[in-house]
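Undergrad:
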Amino acid sequence: MNAETKTFLKRYFAVAFGVWLLFAITLGPGDLSCAYRAEYREDHDRYLNVIKSEPYKRYLQRPHLNEPGMEGVPESFTWEQVDFVKDYEGSDEFRRERLRSTFYTVFFQFFNAGLVVWLAWRLGKAPLLKLIDDQIHDLRDKIAAVRNTREAAADRKNAAAEKLAKMDEEDKRIVAEAEARLARETAELEEKQKRRLDIMHREMEDRKKEEAHAALMAAKAELVDQAVDELLQLYRAADNETLQAQLIDGFTADVEKQAS
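Here the sequence shown stands for residues -2 to 257, numbered as in my numbering.
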């Protein structure tokens, strides 16, 4: 214990004893004073006997159920006792004594509480302030940790937002490429289909021409056969060599005309 603390304790006990001695002399004891007890001893003893009795206690709790003379109430408990207590508590001397005693008790309750607070503050101020400082430092550390956590969470959130933005751009680029590829493939497919249709159309035209040419050749062949048959018939029917030569020349001319 250092010298400063010793000096404080000496001053503390001196103040406490001095105030207690001063009010003990001026206000008297916390209970009834000796002068009051000497003057009203008989009345006060009777008062104590009545208020400490069980019938009176029950009467105070439930007056309408424990009045003197009612069934179950002892005969020793009378209205005279009740009236005596009222008159005794209403007397000026008792009220002054009770007021003095109450003031004495309340004063020393506050005074003792003040002494305790003063002592606790003087002796416990340093460790209390240290405890408060430690709590403040801990609180600041926690606040800093929370702030760092929030900043880290904000950074992660921003990074995630950037990634999402990049993903959106990438998705848009992929969709655009897919649409362009689809349009290109669609155009190529349409072009192939158009060429295929053109080829089929030309093949159909060529086939039509070939079929028409074949039909024409077949018709010519049939005409030639018919002409040969007619010529043979005429040849058999005619014996003149000149006529036969004319028929052959006419047949040849017809064949050449049909061939052309």
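We treat Cβ as the ideally placed atom computed from N, Cα and C, and that holds for glycine.
Could you tell me the distance, in whole angstroms, from the CA atom of D138 to the CA atom of F105?
TA: F105 has its alpha-carbon roughly 44 Å from the corresponding atom of D138.
Undergrad: How big is the Cα-Cα spacing for A209 and E200?
TA: When rounded, the distance between both Cα atoms is 14 Å.
Undergrad: Can you give, in chain order, each stretch of the alpha helix (DSSP H) that sits fully within the region 17 to 99 and has at least 4 residues?
TA: Segments of the alpha helix (DSSP H) lying fully in the region 17 to 99: 31 to 36, 38 to 48, 51 to 58, 76 to 87.
Undergrad: Can you give the Cα-Cα distance for L112 and A123, rounded to whole angstroms?
TA: Their Cα atoms are separated by approximately 18 Å.
Undergrad: Suppose only complete runs of 3+ residues qualify. What are the beta strand (DSSP E) ranges in the region 116 to 178, listed by chain order?
TA: For the beta strand (DSSP E) assignment, the region 116 to 178 encloses no uninterrupted run of at least 3 residues.
Undergrad: If you count every other CB in all the chains shown that lies within 10 Å of the CB of A174, and 16 or more means buried, which is it?
TA: Per the sequence presented here, residue 174 reads as Glu, with Ala not at that position. Exposed: under 16 other Cβ atoms inside 10 Å.
Undergrad: Helix, strand or coil: how does DSSP classify N109 here?
TA: If DSSP states are grouped into helix, strand and coil, N109 belongs with the helices.
Undergrad: Straight-line CA distance for S50 to Y56?
TA: 10 Å
Undergrad: When you compare the CB positions of V82 and Y44, do they come within less than 9 Å of one another, or not?
TA: yes
Undergrad: Am I right that E77 and Y37 are in contact with their C-beta atoms under 8 Å? What's the rounded C-beta distance?
TA: Wrong, their Cβ atoms sit about 18 Å apart, outside the cutoff.
Undergrad: Does the Cβ of P261 have 16 or more other Cβ atoms within 10 Å, making it buried, or fewer, making it exposed?
TA: The question about residue 261 has no answer, for the chain in this structure spans -2 to 257.
Undergrad: Look at T4 and L120 and say whether their C-beta atoms are less than 9 Å apart.
TA: no
Undergrad: Quick one, are the C-beta atoms of L19 and S98 less than 9 Å apart?
TA: no
Undergrad: My guess is that Y9 and L116 are in contact by the Cβ rule of under 8 Å, so how many angstroms apart are they, rounded?
TA: Going by Cβ atoms, the distance from Y9 to L116 rounds to 6 Å, so yes, they are a contact pair.
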